[in-house]
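Residue numbers (the working numbering): 2 to 570.
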């Protein structure tokens, strides 16, 4: 008992366990399987991370997203718990390098995605590690009835014969009774004990506000308590930036966060919000992983999420300190049409997915039988424009291909400079004789890019910066001046998506298995939307009770704290 508390205090700076944490840890240390169902912010990760320190060997963790793994590993390493994750970089040599690192790096916790289990080399090598614990994070992904089904999760069952004596812990924050049953069966768990707390968050008051003018309603909510910590969820990147600027115009401090923000900037934005430099964060659902702020008083949704699982997770970021907090959903009568018509009409059917896949392969110049292990970059808007694809449908298609293990998608933000010297070589040489900064840059270009007079080249501005000792703003200024002198022509492009290709292009062979699941998955998503519409527009029944019933809990009394008419005092 004392050793557990010592580690809790040393690595997590806590002197007591949260509800169920200690019971889960004790059960796991006895070598028994378990399913852990704790709410967002309930401390699930400690349940397998702390035992990893008490055991002599290593713990492996299967997780669905690279960004989620990276976030967990960064946090663990900052705490002094040596951890790593397998990156999605192609080639056997790279796999062996990472496996060698896992063997000899003295890591206590090793993360990888379920798609790794498709590799015989990976399985044969991982079997040689001293694995004392297996954790399955976001375990609801194993169920086709869950809100984020990932077929590759079914491969986790392969680990059982490799490690027959090793306990498996499945963890999730959102699982209906049907999903829990699926988790147990699909993972091959042996008499697992289910640890679960109620889905009820007694300190969160659920309000649905019908607003003709959502921004005016939002303003009145924020002005009443300008210093409170608030998260405002929006659907699009554009909306997050627009709403943040609008809030700033009201004299309040707000920042924005979405998948297109650069990594360093994301960290700074998060720290500013966490340290209350600005209390209001306007974000897409990309703002979720690793959030560890206890005093969020309001979570406001400007638009309805597409599932109760998402809504419950996002509202669960309020009130982690136990103090009264609000989950507010702003709705307008037009939202019903938007979700029923726009969203459902943007769910791609199997024919559309097939067309999208072939166009994507052609766009990236992936030949038949090729692609596996390759990294590809593209600009989302440019790709949609070329084929006149609707952006929403494209997002869904990427989601399907990622869920089915065809590719892995990462949002990024890279600027590229493309340049061509348009004057003659003689004119360029004459310009170089002036000896100014522009001349030095021009000389560098002529020496380092052989075909720069005949075609556009992608230029490495960082190299110019290092070799010529000019800052980036000065380089950009000189390039603009040379363009005005008709010496060069240059432009900038932005890459915002990176794709790691996991399977060779084999159109029908690759697509047929997943296309059979696409229509069933669309039907499931449609049912989830119907539930959200009922939650938002049915005004009488207790909102808290609706949420609990969705997750299999029945309450005979109302909460008397939500916006439902039956709860009005």
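Idealized CB from N, CA, C, for every residue including glycine.
State the Cα-Cα distance for the pair residue i and residue j, rounded to the nearest angstrom.
i           : j           : result
residue 20  : residue 253 : 37 Å
residue 412 : residue 235 : 18 Å
residue 355 : residue 385 : 16 Å
residue 322 : residue 37  : 21 Å
residue 492 : residue 418 : 6 Å
residue 524 : residue 316 : 25 Å
residue 309 : residue 548 : 7 Å
residue 202 : residue 338 : 30 Å
residue 238 : residue 167 : 43 Å
residue 556 : residue 341 : 29 Å
residue 169 : residue 29  : 8 Å
residue 485 : residue 432 : 13 Å
residue 553 : residue 75  : 35 Å
residue 185 : residue 293 : 30 Å
residue 58  : residue 31  : 15 Å
residue 561 : residue 528 : 28 Å
residue 222 : residue 306 : 20 Å
residue 286 : residue 330 : 15 Å
residue 162 : residue 194 : 20 Å
residue 204 : residue 213 : 28 Å
residue 361 : residue 508 : 11 Å
residue 275 : residue 284 : 14 Å
residue 192 : residue 513 : 36 Å
What did DSSP end up calling residue i once you bin it into helix, strand or coil?
i           : result
residue 136 : strand
residue 510 : helix
residue 388 : helix
residue 447 : helix
residue 378 : strand
residue 205 : strand
residue 353 : helix
residue 552 : coil
residue 157 : helix
residue 305 : coil
residue 545 : helix
residue 68  : helix
residue 95  : helix
residue 316 : helix
residue 16  : coil
residue 453 : coil
residue 366 : coil
residue 476 : helix
residue 560 : coil
Can you say whether residue i is buried or exposed, counting buried as having 16 or more other CB atoms within 10 angstroms of its CB?
i           : result
residue 301 : buried
residue 35  : buried
residue 179 : exposed
residue 128 : exposed
residue 517 : exposed
residue 541 : exposed
residue 558 : exposed
residue 546 : buried
residue 278 : exposed
residue 387 : exposed
residue 430 : exposed
residue 448 : exposed
residue 266 : exposed
residue 376 : exposed
residue 370 : exposed
If I'm right that residue i touches residue j with Cβ under 8 Å, what's the distance once you round it to whole angstroms?
i           : j           : result
residue 84  : residue 45  : Actually they do not touch by this definition, with Cβ atoms about 16 Å apart.
residue 134 : residue 241 : About 39 Å; that fails the 8 Å criterion.
residue 421 : residue 489 : 7 Å
residue 332 : residue 230 : About 23 Å separates the two Cβ atoms, so there is no contact after all.
residue 136 : residue 100 : Actually they do not touch by this definition, with Cβ atoms about 19 Å apart.
residue 47  : residue 112 : Rounded, the Cβ-Cβ distance is 15 Å, inconsistent with contact.
residue 198 : residue 43  : 7 Å
residue 409 : residue 67  : 7 Å
residue 87  : residue 117 : 6 Å
residue 138 : residue 187 : In fact, because the Cβ distance is near 15 Å, the residues do not count as touching under 8 Å.
Pull the bridge partners of residue i from the DSSP assignment, please.
i           : result
residue 195 : 36
residue 211 : 332
residue 418 : 460 and 493
residue 502 : 408
residue 281 : 231 and 255
residue 297 : 230
residue 59  : 132
residue 327 : 206 and 299
residue 173 : 38
residue 84  : 110
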